[in-house]
Structure formats: structure tokens, C-alpha cells
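*Asks:* Going left to right, the sequence shown walks through residues 15 to 460 as my numbering numbers them. For every residue, glycine included, the Cβ atom is placed at its ideal position computed from N, Cα and C. In this text, all values refer to a predicted model and were calculated from it rather than measured experimentally. Take a look at the following structure, please.
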Amino acid sequence: MSRREAQALIWERCEILMREFVKSAYSYSSLPNPPLELPDFPAIVPESPESLVNQARGLYLIDRSGFNHRLSAIVNERTPDYVKRNIDPETAKQKWMSNNVNSISETLICRISRDWLSAALDEDAPDTDRWYMGVSLLIGLALSGSEDARKEGFHLLSSIAMAKKPGTWAAMISGPHQIDWSPANDPHSDEPPHPSGVLAASNILDSLTRGDDSSSEVLPYWLENLTANKQLCDLLEVDRRLLDLLDRDIRNYQTVVRASIQLLSSNTSGSVELLVKASQHHNPRTRREVASSLQRIASDNHGLALTLVESLIEDEDSDTRVISTTFISSLVKTDFQLFIDKAKLAFDKGDERITKRIVDSAMREYLSIDSFDGAELLPLAWASSDQSTKSKIAGLMIQQSEANREAFIRTCERFREINDDTFNDVRTYILRRDSSMENKLEKSHD
């Protein structure tokens, strides 16, 4: 396939997508007004989606050089190495372009939207016509659930909220991402968002909420990114929008949970409500995400993590119960007595997977702190262990005998007090791992 044929396919596909995206954006809600406009040249709102489509299409068709420039940049960025190493790289490139027409076209539309919005957000001479075309492409692209909207659209949304040209303001923000930043010596205060820009950004987020694909594939990621900017997070009501997503049937609850956790440092009450709701969510994957994040939650709000683990360890989903056990294991280093209390409750459940998780990740540390096993966790763990976990416990007892012979004897006595069969079972596993333990086991019986 010739280069001209591949380019022609992308050119035609971009025109089709442009029409679809503009109409889609227009149909979901009224387009937001431009944040910037000159008093002498007020914005003219498009009369219909057809008029806006014709306007955008006309500007696209006369800018063939702009199309070629954007396409060349995208192809150079995304061409795989195997294509570049091909014996005939040009032919291989055209074949690759032809096989990825839709993906390349969506990226190109995103770049066109960025350029048009950049012209609309020019403080000296804002182009309000390009505003309506650019924002409709952004909304339409996001409503389709495009990966390009997810990755590149957030910066455009933030630029709209700030009423700044994309790529000109983010580097000016001070914060922990800078090596020499200090909260006690902030070199300058960040500029506040633009009121009209915030209204426009809020309108865009409202539109995405109404779309099935956008509410699953784009909106959760944008909200997660917004949690890093406290000003925008508050003004755009990120916590409320996350709560709304938890009430809907979307496909990406895990991102909502991550965003809720990031809110802990700036919006504690809102984040607590979100995480409690997520821990009781109807989708087990959502509850698993909360369970796997308990240690991260504890770093900001230890009390909340303890509250959540109490419900998650009782969850009807076995995977959620096992995952939450990881947080219980971590308590051995931070709150020894609390670990003992939680571990006993976990062992009492008789779940082999839960027991294995605690034995593998916490019991060595536990015995290094209390070699006598004063809480008698080893016999409790043994009662609900599979063969591999029993072998692990036997190995821990061998190490216990080397570090504290008296503690080892006492542990053997506890197993013998349960019944002879249990002790003989323990003895068998210990001798499998180390036959030289025969004498120590005999002495423990004396």
C-alpha cells in the first residue's frame, strides 16, 4: 500500500470522527461557554450541531498542512521498533498505519482539539469559534471512551479550568513533585483557577457522567488526576462525582477507589464516606481494591483502616477476606497486641488461605518479638493449615529451637496438650525438614 493511500484512509477517518464527535457532544448537553472572550467580540453560540460540524469540517479541510504535520509527529512517536527494523521500513510503516487507522485518527483528533483549544485560551486574542469546535471534539472523544481522551484529555480539562493555554501553566505549579520544594518556604503561590473556566470544566464532567463509555473509561481517571490539585478538586466537587460513580454500574470501580484514597490528605470526611461505601459495594472487585489498599489507607488514617478491615475480613467474597489479611499481617510491626487479637480472630475462621497469608508474612516477625509464643498463635494456625503451611510452621519451630530451646519445648508441650495425634503430626513435619531434630523432640517429651 502506498503512503498516499494510508494517509487518505486516515484523512477520511478523521473527517468521519470529527462529525461523530461534534454531534455526540452537542446531543448530550449544551456546550460550555468559552472562559475567555473579548468584550467587543462576544462568543456566537452555534445554532445547531450541523452548523458546528460544517464549521469544524471546513477548518479541517483547508488545513492539509496541519494534518500532515500532526500525522507525521504521531507516526514518529508511535511506530513500533519492529517496523523501523524491517528490511523495507517505509512499506512496513504504511502497512502498520493502515492497520491502525482508527487509533491514529483518534490521536490526531485529540491533537486538533488541543490546538483549537489553545487558540481559544489565548489571553490576548481568544478565538471563541475555535472554542466550540475544540471543546466539542474533546467531549465527543471522551464520550466514546477513547484511550487518547483518558491519557491526554485531562490536561486539556485542567487547562480549561485554569483558562490557560495547554502546555504553558503546569510547569509553574509548585509542590512536592519539585526536588527543592518545602512547605515552609514555598517560592510562590499558585494561580487560582478561572471562575468561568471552572464552570466550563464542570459542564464537561457533567457531560461525561451521562455517557456509559466515558463514565467507565475516562471520567474515573480524570477524577483520580484531579485529586492531586486541591483547588480544582474542591471546585469541581470530585468527592460528589466519585460517590455518584459508585452508585452507577460502571466497569472501572478500582480507579474510583484509588481516587478516594488520594483524597484522604485533603478531604478526609469525603474520602471516609467514599471508602466505607466502596468496602460495602456490590461489586467484589471494588471491595478487593479497598482490601488491597488498607496499608496505604492506614498511612493517612489508621483508624479508618481498622474499621474497614473489620468488615472486609467478614466479607462474603473469599478473595476479599484473604487480601484484607495482608493488612492484619502488617500490624505485627506497628501494633503487636492488635496483631495478636486480629490474628486470633482470623485463625478461628478456619480458612486455609487466610492462615497461609498470615503465617507466610507475619509469623517469623511475631516469633522474633515473642519467641515463647505467649499468645499461642502457632497451635491456632496449625489447626487451620494446609500441608505447605504446616511445613512452614514446622520450619519456624526449628528456628525457634535454635534461638530459644525453652520456648521450643513449651511450644511442643502446647501441641501435646491438644492431643497426641496433633503432636505426632507436628513431629512428622519437623523431621521431614530436619531429621537431626529427633533428639530435641525427645527431650521436649521428657
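Tell me which residue opens and which closes the alpha helix (DSSP H) that V2 is part of.
*Replies:* Look at the range of the chain in this structure, 15 to 460, and you will see that residue 2 is not part of it.
*Asks:* Check L135 in the structure and name its three-state DSSP category.
*Replies:* Reading the sequence shown from its first residue, position 121 is the one you call residue 135. In the structure shown, L135 sits in coil (DSSP, three-state: anything other than H, G, I, E or B).
*Asks:* Taking buried to mean at least 16 other C-beta atoms within 10 Å of its own C-beta, is R371 buried or exposed?
*Replies:* To locate residue 371, count along the sequence shown from 1; it is residue 357. With 16 or more other Cβ atoms within 10 Å, it is buried.
*Asks:* Grouping DSSP H, G and I as helix and E and B as strand, with all else coil, what is R353?
*Replies:* One-based indexing of the sequence shown puts residue 353 at position 339. In the sequence on display, residue 353 carries Phe and not Arg. If DSSP states are grouped into helix, strand and coil, F353 belongs with the helices.
*Asks:* Does DSSP classify L326 as helix, strand or coil?
*Replies:* Along the sequence shown, one-based indexing puts residue 326 at 312. Reduced to three states, the DSSP call for L326 is helix.
*Asks:* Given a cut-off of 9 Å, decide if L392 and R441 are closer than it, judged by their beta-carbon atoms.
*Replies:* To locate residue 441, count along the sequence shown from 1; it is residue 427. To locate residue 392, count along the sequence shown from 1; it is residue 378. Cβ distance not < 9 Å, so R441 and L392 don't count as in contact.
*Asks:* Determine the direct distance from the alpha carbon of S398 to that of S382, and round the result to whole angstroms.
*Replies:* In the sequence shown, residue 382 corresponds to position 368, counting from 1. In the sequence shown, residue 398 corresponds to position 384, counting from 1. If I take the Cα positions, the gap works out to 22 Å.
*Asks:* Three-state secondary structure (DSSP) at L50?
*Replies:* Counting from one through the sequence shown, the residue named residue 50 turns up at place 36. L50: coil per DSSP, three-state reduction.
*Asks:* CB V97 to CB R164, shorter than 9 Å?
*Replies:* As a first step, residue 97 must be located in the sequence shown, where it is residue number 83. As a first step, residue 164 must be located in the sequence shown, where it is residue number 150. Not in contact: V97 and R164 (Cβ atoms no closer than 9 Å).
*Asks:* Short check: CB of M32 to CB of Y74, under 9 Å?
*Replies:* Here the question's residue 32 lines up with position 18 in the sequence shown. Here the question's residue 74 lines up with position 60 in the sequence shown. Contact flag set, yes.
*Asks:* Please identify the residue among D387, Q401, S44, S307 whose C-alpha is closest to the C-alpha of L213.
*Replies:* Locating residue 213 in the sequence shown gives position 199, where the first residue counts as 1. Of the listed residues, the one whose Cα sits closest to L213 is S44.
*Asks:* Mind checking which residues open and close the alpha helix (DSSP H) that includes K341?
*Replies:* For the purposes of this step, residue 341 is taken as the residue at position 327 of the sequence shown. In the sequence as displayed, the identity of residue 341 is Phe instead of Lys. From DSSP, the alpha helix (DSSP H) with F341 extends over 332–348.
*Asks:* From which residue to which residue does the alpha helix (DSSP H) around M111 run?
*Replies:* As a first step, residue 111 is located in the sequence shown; it is residue number 97 there, counting from the start. Looking at the DSSP string, the run of the alpha helix (DSSP H) that includes M111 is 103–113.
*Asks:* Between T369 and the rest of its own chain, which residues show a CB-CB distance below 7 Å, the 5 nearest in sequence each way excluded?
*Replies:* Counting from one through the sequence shown, the residue named residue 369 turns up at place 355. So the list reads F361, A395, S398, S399, T403, once near-sequence residues are dropped.
*Asks:* Could you pull the start and end residues of the alpha helix (DSSP H) that D434 belongs to?
*Replies:* Within the sequence shown, the letter at position 420 stands for residue 434. Where D434 is concerned, the enclosing alpha helix (DSSP H) stretches over 434–447.
*Asks:* Hey, how far is the Cα of L318 from the Cα of D349?
*Replies:* Locating residue 318 in the sequence shown gives position 304, counting from the first residue. Locating residue 349 in the sequence shown gives position 335, counting from the first residue. Distance between the alpha carbons of L318 and D349: 15 Å.
*Asks:* Provide the residue(s) that pair with F55 in DSSP beta bridges, ordered along the chain.
*Replies:* Indexing the sequence shown from 1 puts residue 55 at position 41. L52, per the DSSP bridge assignment.
*Asks:* Given a cut-off of 9 Å on the beta-carbon distance, is the pair L222 and L257 in contact?
*Replies:* Reading the sequence shown from its first residue, position 208 is the one you call residue 222. Reading the sequence shown from its first residue, position 243 is the one you call residue 257. Not in contact: L222 and L257 (Cβ atoms no closer than 9 Å).
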